[in-house]
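Residue numbers (full-length UniProt numbering): 1 to 574.
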């Protein structure tokens, strides 16, 4: 099938730098000078106009000539600027300054290991890197190995003797009165940003996102917002929404929320450097958070934290969940914690599509076509087309599972310095997502599983996600998390069989490990066809390995299991 978005198309957008669409729109001249940032780590706040001025100073510090005491960065010099920092106000400043001077910025995970940072620096060919004070020793060590000048390592937050910081650069420009660098002209295909893929299969790839890609997703959100009717004003001191910003800014989900969507209308970001469940539960009522972005791993932590039942969520007006699949049962449970009028939406996107391509529509969408459909990821966002394709390349029917292909102006330029992967993933303007979905005749999409995670057992396709959902739906709530992946044990040497790893809930712990496993064995066998049974067994773990955005690292579980089997030695045959 070939489906198109039910929303109106994205109107023509002004040409040029995304900087203008974010921070220089005519409508913003009438905005009040509201608080845009509250930084919990330092207690600092920043108003909207202070932020815009700071971006101007930062763009000048980065882009003005060296003879003026600035860095003189530009794409014409083949400069690529890197940032490796925890969330902070100046992360957003830095990113927009790089956009303004049209110099690509590489967003590197703040939790990178030596190996991961080395790969990122080599792949992106960085010419300078800004890192938090605590990451400076790691950055210097890796820079030496890859041949980056140690003088090109700067401090993003904090202070390091003999090494200039981002804040000092801004102060120098302001004090010296260096002439402001204007936003540089670009085409829609000009590279704006490098975002590193999760690397669940092989080493991470650097996704190239253009100025045109970012402008298009802003246009999509403008269309969606215009299609929503009514709505009550938030009950906050400035009568504007407040969002809790804690997801890593190097990830496209938080990048979009905190660096783009926040500039569509006045909004305050309350910023945490990293996620802390206990702290977040105190922040939500204290600061009257109205927008709560979520990922599945955070949903799990909220549901099982002892402070959650007594937390006041009454200020929350909207909650969104993305970055990884959220089982329907968990979505219903987290929704039950929030006020009944809260709009809870899920979405689906990937780095290669800049942001979401599917999202649940707001219930007040014009025309009355938006419905609350249990289990759906949503409908196509404005300007997006989709196909669902069988293994043989033919188009699937409605309600039939196949790989999701998408097309639209949010589809990125490809992978930096990886022509093979680019050709395999971006084919004739269609992005092959590697995720399996089905869609109904009303245009609602339902996630099935990741194509590479799907198992073939006795010639039949087995979805790990389906088995996980069955385990999590046990009526006694014996487990709070589950992951399924293939392990050795099939009829042939290359066939994998499904094995589950589960995290016990409090009721599960009271029952005991052996009893829970027996109960789950019976439960899943009663609810699944025999070829989907967990022939690889069920293991109980304290927690599942996940990346910071909530994706379960199945490969880690598989490797651990195989190592355990190897350590036990070969089993004798009877």
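Ideal placement from N, C-alpha and C gives every residue a C-beta, glycine not left out.
For residue 331, the closest alpha carbon among the candidates 360, 306, 314 is that of 360.
By the Cβ test, the segment 55-64 is not in contact with the segment 283-301, since fewer than three Cβ pairs between them sit closer than 8 Å. At a cut-off of 3 residues, the continuous stretches assigned as beta strand (DSSP E) that sit fully inside the segment 328-353 are 343-349. Residue pairing by DSSP places residue 2 opposite 387 in a beta bridge. For residue 321, the enclosing beta strand (DSSP E) starts and ends at 318-321.
Assigned with DSSP and collapsed to three states, residue 560 falls in helix. Counting every other CB atom within 10 Å of its CB across the protein chains shown gives residue 446 a total of 16 or more, marking it as buried. Looking at the DSSP output, residue 90 sits in no beta bridge, so it has no partner there. Only residues of its own chain outside the window of five on either side were considered, and among them 285 have a CB closer than 6 Å to the CB of residue 312, listed in chain order. The C-alpha of residue 514 is placed about 22 Å away from the C-alpha of residue 489. By the 16-neighbour rule on beta-carbons within 10 angstroms, residue 336 is exposed. In the DSSP assignment, residue 167 falls within the alpha helix (DSSP H) that extends over 166-176.
Looking only at 48, 554, 559, the smallest Cα-Cα distance to residue 35 is reached by 48. Fully contained in the segment 480-520 are the following beta strand (DSSP E) runs of length 3 or more, in chain order: 496-504.
Residue environment: residue 247 is assigned as buried (16 or more neighbouring CB atoms within 10 Å of its CB, all protein chains considered). Closest in C-alpha terms to residue 353, from the list 252, 416, 142, 153, comes 252. In the three-state reduction of the DSSP assignment, residue 451 falls in the helix class.
For residue 8 and residue 538, the gap between their C-alpha atoms comes out near 48 Å. In the DSSP assignment, residue 20 falls within the alpha helix (DSSP H) that extends over 18-23.
Rounded to the nearest whole angstrom, the CA to CA distance from residue 219 to residue 512 is 53 Å. The criterion of a C-beta distance shorter than 8 Å is not satisfied by residue 396 and residue 406.
In the DSSP annotation of this structure, the continuous segment of the beta strand (DSSP E) that includes residue 154 starts and ends at 153-155.
By the criterion of a C-beta distance shorter than 6 Å, residue 561 is surrounded in its chain by 487, once the five residues flanking it on both sides are discounted.
Uninterrupted beta strand (DSSP E) stretches at least 3 residues long and entirely within the segment 19-81 occur at 35-39, 44-47, given in chain order.
Beta-carbon to beta-carbon, residue 443 and residue 499 are separated by about 36 Å, too far to satisfy the 8 Å threshold. Beyond the five residues adjoining it in sequence on each side, residue 277 comes within less than 7 Å, by CB distance, of 301, 302, 305 in the same chain, given in chain order.
Nearest in C-alpha terms to residue 122, of all of 135, 291, 15, 108, is 108. Two segments are said to touch when three or more pairs of C-beta atoms, one from each, lie closer than 8 Å; by this definition the segment 290-299 does not touch the segment 60-79. Here the C-alpha atom of residue 517 lies approximately 11 Å from the C-alpha atom of residue 534. In the DSSP annotation of this structure, residue 293 is not part of any alpha helix (DSSP H); the continuous beta strand (DSSP E) holding it starts and ends at 291-294. Burial is judged here by how many other beta carbons sit within 10 angstroms of a residue's own beta carbon; residue 390 has fewer than 16 and is exposed. By DSSP's assignment, residue 163 forms a beta bridge with 160.
Counting only runs of 3+ residues, the beta strand (DSSP E) found wholly inside the segment 216-251 occupies 242-245, in chain order. Among the bridge pairs identified by DSSP, residue 439 is matched with 445.
Around the beta carbon of residue 376, 16 or more other beta carbons lie within 10 angstroms, which makes this residue buried. The C-alpha of residue 457 lies about 38 Å from the C-alpha of residue 6.
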